[in-house]
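Per the UniProt record's numbering, the sequence shown runs over residues 1 to 74.
Comments concern the structure below.
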Amino acid sequence: MIKPLSFIKQGRVVTIQDIAGCPQRKRHLEEMGFIPGTPLEVCRCCQQGPLVVAIRGGKVMLGEEMAKDIMVRP
């Protein structure tokens, strides 16, 4: 089932399916390595706050609004 990255629990590995939102945000996320088909791991998540993910050999911190635009599949 596809769901927003912001709903994924810490320690889970998921695969990016799509990037929603405005074209500028989509391009920005793709430039950061968030490309459909790419696996990532949720390293840290807070109830309301930034999310830290491991992707392409690095770690990235995302705000909750950006994480909502990244659609993933477990």
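Beta carbons are placed, not taken as given, at the ideal position from N, Cα and C, and that holds for glycine.
Note that the structure is a prediction, hence the values are computed from the model and not measured.
Within 8 Å, strictly: CB atoms of residue i and residue j
{"i": "ARG27", "j": "MET66", "result": "no"}
{"i": "VAL53", "j": "LEU40", "result": "yes"}
{"i": "VAL42", "j": "GLY11", "result": "yes"}
{"i": "LEU5", "j": "ILE55", "result": "no"}
Residue from the options whose Cα sits closest to the Cα of residue i
{"i": "GLU30", "options": "PRO50, ARG73, VAL60", "result": "VAL60"}
{"i": "VAL14", "options": "ILE2, ALA20, GLY33", "result": "ILE2"}
{"i": "GLY21", "options": "PRO74, LYS68, PRO50", "result": "LYS68"}
{"i": "PHE34", "options": "ARG73, ILE19, CYS45, PRO23", "result": "ILE19"}
{"i": "VAL72", "options": "PRO23, MET32, PRO36", "result": "PRO36"}
Range covered by the beta strand (DSSP E) that runs through residue i
{"i": "LEU5", "result": "Taken as a continuous stretch (DSSP letters only), LEU5 belongs to no beta strand (DSSP E), as it is neither H nor E."}
Distance between beta carbons of residue j and residue i, contact taken as under 8 Å
{"i": "ILE16", "j": "THR38", "result": "5 Å"}
Where the alpha helix (DSSP H) containing residue i begins and where it ends
{"i": "PRO23", "result": "23–31"}
Per DSSP, the bridge partner or partners of residue i
{"i": "ALA54", "result": "GLU41, LYS59"}
{"i": "ASP18", "result": "MET71"}
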